Amino acid sequence: MWIEVNNSLNRTFVFKDFSEAFAFMTRVAMLAEVHNHHPEWSNVWSKVEIKLRTHSAGNTVTEKDHALAKAIDDLLK
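Start counting at 1 in the sequence shown, then tack on 1, and there's your number in our numbering.
Laid out in structure tokens, this is it:
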């Protein structure tokens, strides 16, 4: 579930291992290019943390963030 905190949408994803986490990040990277909207993220072993906010809108959450969050969630269906 995405949580809005400090002007960003945040979600942590946990996978079986590093390979699955990295594969997910690769799919998210392709989505980010399509949406022309890129996340702030980190990865440690099987955990991927993503923050979405629109820098050009003063680092606030916009529809672009919600659209990318939904597209990311759809990857997991």
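Cβ coordinates follow ideal geometry from the N, Cα and C atoms, glycine included.
From a predicted model like this one, the values you see are computed outputs, not experimental measurements.
Q. Of all the options Met26, Ala58, Val6 and Asn60, which has the alpha carbon lying nearest to the alpha carbon of Asp74?
A. The residue given as residue 74 occupies position 73 in the sequence shown. Residue Met26 is the option with its Cα nearest to Asp74.
Q) Taking the C-alpha atoms as reference points, what is the distance between Ser9 and Ile51? A) As a position in the sequence shown, residue 9 is number 8, starting the count at 1. As a position in the sequence shown, residue 51 is number 50, starting the count at 1. Whole-angstrom Cα-Cα distance: 10 Å.
Q: Please confirm whether His36 and Ala68 have their CB atoms less than 8 Å apart.
A: Numbered from its first residue, the sequence shown carries residue 36 at position 35. Numbered from its first residue, the sequence shown carries residue 68 at position 67. Cβ atoms of His36 and Ala68: closer than 8 Å.
Q | Continuous beta strand (DSSP E) stretch holding Ser43: start and end | A | Against the sequence shown, residue 43 aligns to sequence position 42. Note, Ser43: beta strand (DSSP E), Glu41 to Val45.
**Q.** For Val62, the first and last residue of its enclosing alpha helix (DSSP H)
**A.** Numbered from 1 along the sequence shown, position 61 holds the residue referred to as residue 62. Element bounds for Val62: n/a, residue is neither H nor E.
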